[in-house]
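Q: Sending over a structure as structure tokens; questions will come in a sec.
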Amino acid sequence: SQQGEEDPQALSIQEGENATMNCSYKTSINNLQWYRQNSGRGLVHLILIRSNEREKHSGRLRVTLDTSKKSSSLLITASRAADTASYFCATVGGFGNEKLTFGTGTRLTIIP
Amino acid sequence: EPEVTQTPSHQVTQMGQEVILRCVPISNHLYFYWYRQILGQKVEFLVSFYNNEISEKSEIFDDQFSVERPDGSNFTLKIRSTKLEDSAMYFCASSRDRGFSGYTFGSGTRLTVV
Chain S
244 SQQGEEDPQA LSIQEGENAT MNCSYKTSIN NLQWYRQNSG RGLVHLILIR
294 SNEREKHSGR LRVTLDTSKK SSSLLITASR AADTASYFCA TVGGFGNEKL
344 TFGTGTRLTI IP
Chain E
1169 EPEVTQTPSH QVTQMGQEVI LRCVPISNHL YFYWYRQILG QKVEFLVSFY
1219 NNEISEKSEI FDDQFSVERP DGSNFTLKIR STKLEDSAMY FCASSRDRGF
1269 SGYTFGSGTR LTVV
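Line by line, the protein sequences give chains S and E. The numbering used here puts the first residue of the first sequence at 244, with every later residue one more than the last. The numbering used here puts the first residue of the second sequence at 1169, with every later residue one more than the last.
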């Protein structure tokens, strides 16, 4: 698999349910970030978790990071129709490799 | 909240023409980037820029591409002779610390080459 692959590729849930998306990566990282993209629009930074952190919260978002498994998950609780979007994980390597490497994304659809 | 501004939001150009995509990064950021996303595909890194020079570029960023910071606020991406496969959404981003605290992306320029 490539650096930064999300699964599932697509997810449809009922409004109010929780949505979980997973991301795997291959190389060592400094941090991992999650972004949201509404259809055809820009990338919105959601949350950043550093390699020495295991869990982070921001509002309805919860991110976990397991560096031993090279994986992360994004949990959106109490989903809303407005959460419908594509979600991408992106990793930042260490010094000398600071560019973002994006995953393939999960298309999340919230059914009202 | 500070924003990265990109113009135009949409540009249509004929194959072989030159295009310049413009970005105004956040004023106290020092690191600037261009990424692109071909429709339905991953977001891909093109180039990073710091201290008035390119710090890293991908294999996509060939001789047809160039970047410039012509003044204290603008950051531009030029494509010299556009090809059909250059059609994509181009995102500018900036960071104050090489991305270790995160990036701020602009809303993108959709480039359509016909």
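Just so it is clear, CB atoms sit at the ideal spot from N, CA and C, and this is done for glycine as well.
Okay, do the region 1252 to 1264 of chain E and the region 1188 to 1203 of chain E touch, 3+ Cβ pairs below 8 Å being the bar?
A: Counting Cβ pairs under 8 Å, three or more are found: they touch.
Q: Verify the CB distance criterion: does V1211(E) have a CB-CB separation below 8 Å to chain S?
A: Chain S contact via Cβ: present.
Q: Just the Cα atoms here: how many angstroms apart are F1268(E) and L343(S)?
A: If I take the Cα positions, the gap works out to 10 Å.
Q: Check the C-beta distance from I319(S) over to N274(S) and give it rounded, since I have them as a contact under 8 Å.
A: Wrong, their Cβ atoms sit about 20 Å apart, outside the cutoff.
Q: Identify which residue in L1214(E), N1242(E), E1236(E) has its Cα closest to the Cα of D1254(E).
A: Selected option, being the one with the closest Cα: L1214(E).
Q: Measure the C-alpha to C-alpha separation of S294(S) and Y268(S) and round it to an integer number of angstroms.
A: So the alpha carbons of these two residues sit roughly 12 Å apart.
Q: Just reading off the beta strand (DSSP E) that Y1271(E) is part of, what are its end residues?
A: Here Y1271(E) belongs to no beta strand (DSSP E), and DSSP marks it neither H nor E.
Q: Comparing the C-beta of L343(S) with each C-beta of chain E, is any distance below 8 Å?
A: Yes, because at least one Cβ of chain E sits closer than 8 Å to the Cβ of L343(S).
Q: Find the residues of chain S that neighbour S1287(E), judging by a C-beta separation of less than 9 Å, and give them in chain order.
A: This structure leaves residue 1287(E) out entirely; chain E is present only between 1169 and 1282.
Q: Excluding five sequence neighbours on each side, which residues of the same chain lie with their C-beta closer than 7 Å to the C-beta of P1176(E)?
A: Counting only Cβ-Cβ distances below 7 Å, and skipping sequence neighbours, we find T1277.
Q: Using a Cβ-Cβ distance cut-off of 8 Å, determine whether Y1286(E) contacts chain S.
A: Lying outside 1169 to 1282, the shown extent of chain E, residue 1286(E) is not represented and no answer is given.
Q: Taking DSSP's pairing of strands, which residues face D250(S) in a bridge?
A: DSSP, once it has assigned bridges, lists N265(S) as partnering D250(S).
Q: Would DSSP call L351(S) helix, strand or coil?
A: Strand.
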